[in-house]
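S.K.: The listed protein sequences derive, respectively, from chains A and B. If you're matching positions, the first sequence starts at -14 in the numbering used here and goes up one per residue. If you're matching positions, the second sequence starts at -14 in the numbering used here and goes up one per residue. Think of the CB as a built atom: it goes at the ideal place given N, C-alpha and C, for glycine as much as any other residue. Please read these numbers as outputs of a predicted model, since none were measured by experiment.
2 protein chains.
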Amino acid sequence: MTIEIINTGSELLSGSVLNTHQQWLCNKLFQLGYRVSRQITTSDTAEDIKTAVLDSINRADVIITTGGLGPTSDDRTRDVIAEIFGRKLIYDENVAEQIKNYFALRKRHQPESTKIQAYVPECATVLQNQFGTAPGIVIEAMVKASHQPRKVLLIMLPGPPRELYPMFENQVIPLLKEKVPPPYFVSKIIKTTGIGESKVEEIVGEKLKPCEKNGLILGYCARVGEVDLRLEAFGNDAHKIVNQAEQIIRESIGEYIYGEGNQTLEAVIVEILKKKGLTVSFAESCTGGFVSHRITNVPGASEVFWGGIVSYANDAKMKVLGVKEESLNKFGAVSEQVAKEMADGLRKLAKTDFAVSLTGIAGPSGGSPEKPVGTVYIGLSCKNGTVAKRNFNPYDRLTFKQVTSQQAFELLRRELLKIS
Amino acid sequence: MTIEIINTGSELLSGSVLNTHQQWLCNKLFQLGYRVSRQITTSDTAEDIKTAVLDSINRADVIITTGGLGPTSDDRTRDVIAEIFGRKLIYDENVAEQIKNYFALRKRHQPESTKIQAYVPECATVLQNQFGTAPGIVIEAMVKASHQPRKVLLIMLPGPPRELYPMFENQVIPLLKEKVPPPYFVSKIIKTTGIGESKVEEIVGEKLKPCEKNGLILGYCARVGEVDLRLEAFGNDAHKIVNQAEQIIRESIGEYIYGEGNQTLEAVIVEILKKKGLTVSFAESCTGGFVSHRITNVPGASEVFWGGIVSYANDAKMKVLGVKEESLNKFGAVSEQVAKEMADGLRKLAKTDFAVSLTGIAGPSGGSPEKPVGTVYIGLSCKNGTVAKRNFNPYDRLTFKQVTSQQAFELLRRELLKIS
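(1) Give a yes or no on whether the C-beta atoms belonging to residue 105(B) and residue 160(B) are separated by under 8 Å.
(2) Closer than 7 Å, Cβ to Cβ, to anything on chain A: give me those residues from the segment 242 to 274 of chain B, in chain order.
(3) Relative to the C-alpha of residue 294(B), which residue among 332(A), 301(A) and 340(A) is closest?
(4) Which residues in the same chain have their Cβ closer than 7 Å to the Cβ of residue 251(A), if we skip the five residues on either side of it in sequence?
(5) Is there contact between the segment 333 to 340 of chain B and the segment 352 to 363 of chain B, where contact requires at least three CB pairs shorter than 8 Å?
(6) Can you find a C-beta in chain A that's less than 8 Å from the C-beta of residue 326(B)?
(7) Have a look at residue 259(A) and residue 60(A) and give me their C-alpha separation to the nearest angstrom.
(8) Between which two residues does the beta strand (DSSP E) harbouring residue -14(B) extend?
(9) Which partner residues does residue 116(B) have in the DSSP bridge list?
(10) Report the residue from 0(A), 99(A) and 21(A) whose alpha carbon sits nearest the alpha carbon of residue 46(A).
(11) With a threshold of 6 Å on Cβ separation, who are the neighbours of residue 119(B) within its own chain once the five nearest residues in sequence on each side are excluded?
(12) Select from 200(B), 37(B) and 314(B) the residue whose C-alpha is nearest the C-alpha of residue -11(B).
(13) My understanding is that residue 307(B) touches residue 296(A), with C-beta atoms under 8 Å, so please give their C-beta distance in whole angstroms.
(14) Taking only the alpha-carbon atoms, compute the straight-line gap between residue 163(B) and residue 127(B) and give it to the nearest angstrom.
(15) On the three-pair Cβ rule with 8 Å, is the segment 165 to 174 of chain A touching the segment 220 to 229 of chain A?
(16) Do residue 407(A) and residue 23(B) have their CB atoms nearer than 8 Å?
(17) Check whether chain B comes within 8 Å of residue 314(A), counting only Cβ atoms and requiring the distance to be less than that.
(18) Give a yes or no on whether the C-beta atoms belonging to residue 361(B) and residue 384(B) are separated by under 8 Å.
(19) Name, please, each residue of chain A whose Cβ falls closer than 9 Å to the Cβ of residue 102(B).
(20) Mind pulling the chain A residues with CB within less than 7 Å of residue 21(B)?
(21) Use the C-beta contact count for residue 206(A): other C-beta atoms within 10 angstroms, 16 or more gives buried, fewer gives exposed.
(22) For residue 374(B), which residues in the same chain have their Cβ closer than 6 Å to its Cβ, ignoring the five residues on either side in sequence?
(23) In terms of DSSP beta bridges, what is residue 171(A) paired with?
(24) Beta carbons nearer than 9 Å to chain B: which residues of the segment 291 to 308 of chain A have them?
(25) For residue 406(B), which residues of its own chain have a beta-carbon under 6 Å away from its beta-carbon, when the five flanking residues on both sides are left out?
(26) Helix, strand or coil for residue 322(B)? Go by DSSP, reduced to three states.
(27) Going by C-alpha distance, which of 401(B), 382(B) and 344(B) is nearest residue 376(B)?
(28) On a CA-only basis, which of 136(A), 391(A), 151(A) and 397(A) is nearest residue 365(A)? Give me that one, please.
(29) Hey, out of 320(B), 9(B), 288(B) and 236(B), whose CA is closest to residue 257(B)'s CA?
(30) Check the DSSP bridge columns for residue 213(B) and list the partner residues they point to.
(31) Does the segment -2 to 15 of chain A come close enough to the segment 5 to 13 of chain B that 3 or more CB-CB pairs lie under 8 Å?
(32) Of the residues 233(B), 199(B) and 209(B), which one's Cα is nearest the Cα of residue 223(B)?
(33) What are the boundary residues of the alpha helix (DSSP H) that residue 88(B) is part of?
(34) Can you tell me whether residue 235(B) is buried or exposed? The criterion is at least 16 other CB atoms within 10 Å of its CB, across all chains shown.
(35) Which residue wins for smallest C-alpha separation from residue 178(B), given the options 209(B), 157(B), 192(B) and 186(B)?
(36) Could you name each continuous beta strand (DSSP E) segment of 3 residues or more that falls completely within the segment 285 to 309 of chain B, going from the start of the chain to the end?
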């Protein structure tokens, strides 16, 4: 059984918008045991959508489209797909009512154009949209694509994430499970940080060869500041095969492993802090709030996170964190000494068990021969003392923030593991 | 002339990694006047890559692939494409030397597996990789895909962004311009915030119909907290057509327009502040540092941004910002009064011209009937006084941060425009 995803939207092909649907949908399907075999992005035009859908019908049993169901003139998906399957568009009273209520509830005037969304292809299943006006539409049909008749399930979903996500979770997943039950398989992702992709393979590659002969499907994936190992197996021995591989990996590179599956390093940190009843705060210069942002993405972070100081200007470092003016003058804002004073000052202010500081040169300007762009000091203060580590992350501004925040979390994680 | 992009990587189809290459490449190509007609993601397997490349050869003149050039066993792109075009892999002394130097420079041991990357298809152009070990590879070939012989340009690029980006900028762009010069066209993106997509179309849709008859290609794109209008035209009158449309849009919804092209709202804020010689600071509770993170993504933000306080715990609000305990008890942390005290307290501390505060309930828990999840107060303090605005953003945690930060920036932008 093959699944393909078609994301429609010229804004995705002009690069003005990031395609986040692909990851979100693929991940949801993966967790359920489904494998997406191809993902396609097409423009908004009727012709391009039609070609892409016809291509997919030739290959796939399930096709999921996103976008093009809205009220504006460049929303074509519904019309095109209705035409492909020879289905008329019919006015649906229920949908019309829901759209009307959507605006009434929000005390907003209903634009005339939204009324068109009440037209749905005949014999289709309508998926309710609780957070927008475009309903989802499901068509089941027999196609004579290649060789012999075959059943195709075509699921049209709206583009805006806040409409798409709940519709998929609450309505599409039950439908998929009923119509096309997923195969039995086991999959595990092991997440590492602080070690490169080729180094990982050099250490574990040979050792995993026997598992691969037994059916292990192994994948490496290098991401910003981390490397994932993906372990998969199908069939009755799937559990055994994946467990065996995991054990080998943990014995070989255990110290670099911080989590599993979709866990983020920040979520792991919050979990450990909670378990141990400890608290943390961050003093950020070069990362500009990104570390605090990451930790506050974790629901329940408030139990362990006091807050952060984005001490971008030197004045902020002195006034809020108590960094000494002479340290700034003598060593510079990007220095071991200042990193330590930032961490110590914050721990004193926040009274948290740990305070982590970051000061560096994100670039593109501000570097010197001695401290080139990418230089960063990460400080950590706790009751056992204060340390500061120098790293070199010569990347673009956002990558710099990502890599540096990852190193800060990893420094904290390793410190936390020392505490029983 | 049609271009297709093929992103290879099972991690993209399992959803463990976000496909950022698509946006980056599409955007670069778009700015040069090229249009990407389709983007495809395939798995890492030789079979899937082969099928996808063969499909694209049938349709496109230029095919760009990303990923699958690395040293690990799941890197297949080079081998598969060499096979498709019947090219042998040949050991390239120069590439071998570059890979060796890459590790020598970084004083790192060269893993044996990286040596395989010195094999490149015969008669191919090699693109140097300054930030990694996998070279880029370009193959020009005649294909007899559909009907008649046609020239195809196949460009294979490495997966890691910090290798891909400079290779594309410095080596692929000049090559494309030489081999397939882009057509003459004009394109403009107008960026709005604070108004919905259907409302935008309701106001400008009819007025732009005459421009569309003259050749305007119009697109709307709703993003988190903003709506883009995309104007395009080809040919001699392109400039005139796009300018005319822009004028109509500015006259109709000018107050909602904050920028153009790839400008972000935070970049516009930094620009206005710089121009007017003003400074800002942020006090964030519910957004957890995201507002500071956004403004520090703008190079040069340090000229106008003092810093931020992520006052997550009430203790931080009181200690650093001077919020009164009785206000917290009487009105709650999420209240107009506390938002105002946060902004006032921060302005006093930071001595910036503006201080913006955010306090709300990001969810998933913490709501009440009176203040449900999604409730947020945004405060703004400046010499003219202090205001606080209540908004309702009932979304997931990250969307909440995005929408709320957008509203905070917009509140500040409108205030800044009042100052001459």
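M.R.: Reading from the atomic positions:
(1) no
(2) Along the segment 242 to 274 of chain B, the positions whose C-beta sits under 7 Å from a C-beta of chain A are 273 and 274, read in chain order.
(3) 301(A)
(4) 279, 280, 282, 283 and 394
(5) Touching, no.
(6) No - not a single Cβ of chain A is within 8 Å of the one on residue 326(B).
(7) 47 Å
(8) Taken as a continuous stretch (DSSP letters only), residue -14(B) belongs to no beta strand (DSSP E), as it is neither H nor E.
(9) Residue 116(B) pairs with nothing; no bridge assigned.
(10) 21(A)
(11) 54, 55, 102 and 143
(12) 37(B)
(13) Their Cβ separation, rounded to whole angstroms, is 18 Å, which puts residue 307(B) and residue 296(A) out of contact at 8 Å.
(14) Going by C-alpha positions, residue 163(B) is about 18 Å away from residue 127(B).
(15) Judged by pairs of C-beta atoms under 8 Å, the segment 165 to 174 of chain A touches the segment 220 to 229 of chain A, as three or more such pairs exist.
(16) Residue 407(A) cannot be examined here, being either before or after the span of chain A that is shown, -14 to 405.
(17) no
(18) no
(19) Within chain A, no C-beta atom comes less than 9 Å from the C-beta of residue 102(B); the nearest is roughly 10 Å away.
(20) -2
(21) buried
(22) 363
(23) 218(A)
(24) Residues of the segment 291 to 308 of chain A with a C-beta atom less than 9 Å from some C-beta of chain B are 291, 292, 293, 294, 295, 296, 297, 298, 300, 301, 302, 304 and 305, listed in chain order.
(25) A query on residue 406(B) cannot be resolved here, the shown segment of chain B reaching from -14 to 405 and no further.
(26) Here residue 322(B) carries a helix assignment [DSSP, helix/strand/coil].
(27) 344(B)
(28) 397(A)
(29) 288(B)
(30) Residue 213(B) is bridged to 176(B) and 206(B).
(31) Result yes; three or more Cβ-Cβ pairs closer than 8 Å.
(32) 199(B)
(33) 78 to 90
(34) exposed
(35) 209(B)
(36) Segments of the beta strand (DSSP E) lying fully in the segment 285 to 309 of chain B: 290 to 295.
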